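Below: one structure, written as structure tokens.
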Amino acid sequence: MKIADDTDLSPLLRGFDLPPCPAILSELQSTLNSDAFDTRRVSQLISRDVALAAAVIRVANSPALGLRRQANSITDALSMLGSRQILNLVVAELLKRAGSSDRGPRLERFWERAALNAATCSRVAERFGGVGRDLAYCYGLFHDAGIPLMLRRFPDYKATLQLANGSEHSFTSVEESRHGVDHAVIGYLLARSWRLSAVLAGAIRSHHDFQVLGVESDSGLAGESCALIALGVISEHIISLFQHAQDESEWRLGQPWVAAFFGMSEAELDDCVEDELYQLRVAAG
């Protein structure tokens, strides 16, 4: 299945208030991609926004990231985590700001799960490979970014979420049948607007379309995008088990494709999931 280009998708944005790329993110991206990269400049940019700097330091010191010593400043966090992971933490906070609104619902549990998914996806990437941990972290954080925007746009979207979570059909097909658009498309367009990588944006666009993982797929997706999708399915399943969630419809749909993508049986994949789940429980105390 070929993926529609941005021109084909743009009419779907009617009625959406798509958050523009924050100026500080543009500056950080330019600095990180510059030949004259300077960590002091990165630290200065983030520290200009006191609330942003505090949020980044707080997350950097969380057990999920496993720092050996406490970071007391952005400079400390940069030296211990590296610039790319710090950029991920900045994106996380900016995304949370953009997706929260006085006009919309409070989404604390959504953002908590997104943060847990980012950390889990990063660990799973270390085990399965295919992409680097930093990219997997960003994908785990950003792949459902369209959901808050769908909640803001459609008053009955909560009912759609309940239907989609319990359906044997794909999540996005339920959204499309009720609203004519799905959160994967909106998340993709947001990622493009924020100038995130094409690999990341492509994975977000197709993260409920498991057939793209097949060897005969004609989606045109990059191999790294497919790896992100597969890792995300595993990560979401681990978190559902960890949180004792009842719904596993997405896992039932995606597991055969993911197992085949990584060249293992479904039983072998289940064993890997159990091992990762055990480690997550140990880390959580």
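Just so it is clear: in the sequence shown, position 221 is 221 by the working numbering, and no numbers are missing. From the three backbone atoms N, C-alpha and C, an ideal C-beta is built for every residue, glycine too. If you're wondering where the values come from, they're calculated on a predicted model, not measured in any experiment.
- A Cβ-Cβ separation of about 5 Å places Val199 in contact with Glu224 under the 8 Å criterion.
- For Asp76, the uninterrupted alpha helix (DSSP H) run begins and ends at Ile74 to Leu81, by DSSP.
- Using a 10 angstroms sphere on the CB of Lys158, the tally of other CB atoms stays under 16, which defines it as exposed.
- When secondary structure is reduced to three states using DSSP, Val56 falls in the helix class.
- Approximately 14 Å separates the beta-carbon atoms of Leu81 and Leu28; this is outside 8 Å, ruling out the contact.
- Within the model, the alpha-carbon separation for Ser240 versus Leu116 is close to 11 Å.
- Judged by DSSP in its simplified three-state form, Ala245 adopts coil rather than helix or strand.
- A distance below 9 Å separates the beta carbons of Asp17 and Leu149.
- Here His244 is exposed, its C-beta having fewer than 16 other C-beta atoms within 10 Å.
- Distance from Trp194 to Cys21 at the Cβ level is roughly 5 Å; contact confirmed, criterion being Cβ atoms closer than 8 Å.
- Within the same chain, Cβ atoms closer than 7 Å to the Cβ of Lys96 are found at Trp111, the five residues on either side in sequence being excluded.
- Beyond the five residues adjoining it in sequence on each side, Asp182 comes within less than 7 Å, by CB distance, of Thr172, Glu175 and Glu176 in the same chain, given in chain order.
- Taking each of Leu13, Phe242 and Gln255 in turn and checking the Cα distance to Gly214, the smallest one comes out for Gln255.
- Ala118 has its alpha-carbon roughly 22 Å from the corresponding atom of Ile24.
- Here Ala51 is exposed: its Cβ has fewer than 16 other Cβ atoms, across all protein chains shown, within 10 Å.
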